[in-house]
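Anchor point for the sequence shown: position 33 equals 249 in this note's numbering, and the numbering is continuous, going up by one each time.
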Amino acid sequence: MATKLDSENAVPGVPFTGVHSPADASAGATSSSLASPPPLPPPRPQFKLTLCPYCGHESGSAQQCEKCRGLFEPLSRQASQNAMGPWFLRDDAMAFRPGFSYETLRLMVSRGRVTRDSILRGPTTRQFWMRAGGVPGVSHLLGVCHACQNPVSPKHTSCPACGTSFEHESDRQYLGLGEIHLLPGQASPEQVAASSFRVVAAAGLPKARRNDERPLSGHSRTNTDSQAMAPASEAPRGPLSGVGAREVKPMEPPGLNVHIPDQRPTPASMKVRIIVVFLILIIVLLTAVVLTAFFGPREWLETARGMV
Numbered sequence: 217m218a219t220k221l222d223s224e225n226a227v228p229g230v231p232f233t234g235v236h237s238p239a240d241a242s243a244g245a246t247s248s249s250l251a252s253p254p255p256l257p258p259p260r261p262q263f264k265l266t267l268c269p270y271c272g273h274e275s276g277s278a279q280q281c282e283k284c285r286g287l288f289e290p291l292s293r294q295a296s297q298n299a300m301g302p303w304f305l306r307d308d309a310m311a312f313r314p315g316f317s318y319e320t321l322r323l324m325v326s327r328g329r330v331t332r333d334s335i336l337r338g339p340t341t342r343q344f345w346m347r348a349g350g351v352p353g354v355s356h357l358l359g360v361c362h363a364c365q366n367p368v369s370p371k372h373t374s375c376p377a378c379g380t381s382f383e384h385e386s387d388r389q390y391l392g393l394g395e396i397h398l399l400p401g402q403a404s405p406e407q408v409a410a411s412s413f414r415v416v417a418a419a420g421l422p423k424a425r426r427n428d429e430r431p432l433s434g435h436s437r438t439n440t441d442s443q444a445m446a447p448a449s450e451a452p453r454g455p456l457s458g459v460g461a462r463e464v465k466p467m468e469p470p471g472l473n474v475h476i477p478d479q480r481p482t483p484a485s486m487k488v489r490i491i492v493v494f495l496i497l498i499i500v501l502l503t504a505v506v507l508t509a510f511f512g513p514r515e516w517l518e519t520a521r522g523m524v
């Protein structure tokens, strides 16, 4: 029967292919597609991102950060490490930059990257943000005293007008954080008060806050954008000078303006004491000479013994 149908559907002059109708042809194509799946598209190339060690930006380059322009090679890493420290400059464009040392801060001031209106925090501010014109140890580099705002020279070690010291902490490992004190509600009022005053009584004040220095306060009047920080690739490529080990002294707790006068005698007071001692000796010798002249040696000795 199948042979008869095949012969009836055959077209003269055209070889018979075994497909009886267009419907049969589509059915054959469907079965063929189910048997072999279509080829997969070629994989897309994967770009490897490099995390910047300076600002944390993921860069497509393996040699230099596309954001802060810092180089990734070992010498630039070491140069950036040498320039790092506890000082920070507020910059919205480079908010994730690492801190820098005091020597790097001096270099930025000399290059004009830090002005009186720049916003800084560091050891002398107890890591609180302040205007550079009121930051102890920094404002005199900008030509103004942080305490009285009078003009000074960057070479001065103290203010000629108010006597405030411009000493600063040069240890790049020292953050300048204040002591931890109990807060109201964490303990009894007596314990809170004791924790606030115990450190002051035990440690005293640091050297830079003695004599006539004012509290760590002072702000500029205007509010402008801060200057951009130098990129890591511009950091000095060698050990920084002036950065050495130094005894770290605790800072005065916030809110306490305690003044401890210096009890050491000054050179002027020592001279006065020496002069007074010499005058007393001269008076004693003159008294002895006068008594000897009037009473004689024996009578003067007997008089002196009787007075004793």
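Built from N, CA and C at the ideal position, the CB exists for glycine as well. Keep in mind that this is a model prediction, so the values were computed, not measured.
- Looking at the DSSP output, Met-346 bridges to Leu-336.
- Around the beta carbon of His-356, a 10 Å sphere encloses 16 or more other beta carbons of the protein chains shown; the residue is thus reported as buried.
- Annotated three-state conformation of Ala-403 is strand, per DSSP.
- Minimum Cα-Cα distance from Gln-389 among the listed residues Gly-328, Arg-322, Pro-258 and Gly-301 corresponds to Gly-301.
- Between the alpha carbons of Leu-391 and Ile-496 lies a gap of roughly 54 Å.
- Assignment of Phe-316 by DSSP, reduced to helix, strand and coil, places it in the strand class.
- Counting other Cβ atoms within 10 Å of its Cβ, Thr-340 reaches 16 or more and is therefore classed as buried.
- The C-alpha of Ala-363 lies about 25 Å from the C-alpha of Phe-413.
- With contacts defined as CB atoms closer than 8 Å, Arg-337 and Met-324 fail to qualify as a contacting pair.
- Under the three-state reduction of DSSP output, Leu-321 falls in the helix class.
- In its chain, beyond the 5 residues on either side, Thr-266, Cys-268, Cys-281 and Glu-282 have a beta carbon closer than 6 Å to the beta carbon of Ser-275.
- Across the set Phe-312, Arg-342, Phe-304 and Gln-343, the C-alpha of Phe-304 shows the shortest separation from the C-alpha of Arg-329.
- Annotation for Leu-291: the continuous alpha helix (DSSP H) segment containing it runs 290-299.
- Straight through space, the alpha carbons of His-372 and Thr-380 are spaced by roughly 11 Å.
- A Cβ-Cβ distance of about 16 Å is found for the pair Arg-322 and Gly-349, leaving them out of contact under the 8 Å criterion.
- For the pair Ala-299 and Phe-312, the CB atoms are not nearer than the 8 Å cut-off.
- In this structure Cys-361 is not in contact with Val-351, their Cβ atoms being roughly 11 Å apart against a cut-off of 8 Å.
- Separation of the CB atoms of Arg-342 and Gly-394 is rounded to 5 Å, and the pair is thereby assigned contact status at 8 Å.
- Put simply, the backbone Cα of Ser-277 is about 23 Å away from that of Asp-308.
- Taking 8 Å as the cut-off, the Cβ atoms of Gly-359 and Pro-370 count as close.
- One Cα belongs to Ile-491, the other to His-384, and the distance between them is close to 39 Å.
- The shortest C-alpha to C-alpha distance from Met-310 to any of Ser-296, Ser-326, Tyr-270 and Pro-255 is the one to Tyr-270.
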